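**Q** So that we are looking at the same thing, I have put the structure below in C-alpha cells.
Here you go:
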C-alpha cells in the first residue's frame, strides 16, 4: 500500500493495468486521487470500476487532477449522454487494443487450426462446448 501511495504522490502520469477483482474495485478512490499531483494525468486501460467514478469526476471538475484518459467505462457500452464524457479534461477512445492486423491474423490462424483439428484430424478436444 505504501508503494502505491508513493507512486501516486510522485508520478506525473499514472497508468492503470490490473484485473478487476474484489481487491482492485475502487482501488483509486477519493483518498488516492487527492494524493496525486494537480498536474498529473490518470490513464485507465484496465477496467472502469478500478477508479471511483464520482471521486474522479469531482477531481477533474475541481482541476485537482490535470486529466484522465481511458478506453474503459463503468457501464459498457458507455452512455453517450453521460456528462462525464463532456468534461474537457477527459480523453475517451474505443477499447480496441486487440484490433490490429497481427491480432486478426492470429485469430484466423487459430480458427483454421481448430477446424482442421476437429474435421480432418478427428480431434474434438479443442471444442469448449462438447455438447455440439
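Residue numbers (the numbering used here): 13 to 144. Using N, Cα and C, we set each Cβ at its ideal position, and we do this for glycine too. Quick caveat, the model's predicted, so the values are computed rather than measured.
Please list, in chain order, all residues of the same chain as residue 72 whose beta carbon is under 8 Å from its beta carbon, the five residues on each side excluded.
**A** Indexing the chain shown from 1 puts residue 72 at position 60. Cβ within range, chain order: 79, 80, 99, 101, 102.
**Q** When you compare each of 35, 59, 22, 84 to residue 46 by their alpha carbons, which one comes out closest?
**A** Residue 46 sits at position 34 when you count from the first residue of the chain shown. Residue 22 is the option with its Cα nearest to residue 46.
**Q** DSSP three-state call for residue 60: helix, strand or coil?
**A** As a position in the chain shown, residue 60 is number 48, starting the count at 1. Residue state, collapsed to three classes: helix.
**Q** Measure how close the beta-carbons of residue 30 and residue 58 come, nearest whole angstrom, since I'm counting them as under 8 Å.
**A** Here residue 30 refers to the residue found at position 18 of the chain shown. Here residue 58 refers to the residue found at position 46 of the chain shown. Correct: roughly 5 Å between the Cβ atoms.
**Q** Between residue 43 and residue 60, what straight-line distance do the alpha-carbon atoms span, to the nearest angstrom?
**A** Residue mapping note: residue 43 aligns to position 31 of the chain shown, counting from 1. Residue mapping note: residue 60 aligns to position 48 of the chain shown, counting from 1. C-alpha separation (whole angstroms): 17 Å.
**Q** Is residue 134 buried or exposed, if buried means 16 or more other CB atoms sit within 10 Å of its CB?
**A** Start at 1 with the first residue of the chain shown, and residue 134 comes out as number 122. Exposed is the call here.
**Q** Would you identify the three-state DSSP class for residue 81, choosing helix, strand or coil?
**A** Here residue 81 refers to the residue found at position 69 when the chain shown is read from its first residue. DSSP places residue 81 in strand when its eight states are reduced to three.
**Q** With distances taken between CB atoms, is the gap from residue 39 to residue 25 smaller than 9 Å?
**A** Looking up residue 39 in the chain shown gives position 27. Looking up residue 25 in the chain shown gives position 13. Cβ atoms of residue 39 and residue 25: not closer than 9 Å.
**Q** Can you have a look at residue 85 and say buried or exposed, based on whether 16 or more other CB atoms are within 10 angstroms of its CB?
**A** Reading the chain shown from its first residue, position 73 is the one you call residue 85. The residue is buried, with at least 16 neighbouring Cβ atoms inside 10 Å.
**Q** Just how far apart, CA to CA, sit residue 27 and residue 114?
**A** Mapped onto the chain shown, residue 27 falls at position 15. Mapped onto the chain shown, residue 114 falls at position 102. Spanning the two alpha carbons is a distance of roughly 24 Å.
**Q** Based on Cα-Cα distance, which residue from 32, 35, 37, 49 lies nearest to residue 18?
**A** Here residue 18 refers to the residue found at position 6 when the chain shown is read from its first residue. Nearest C-alpha to residue 18: 49.
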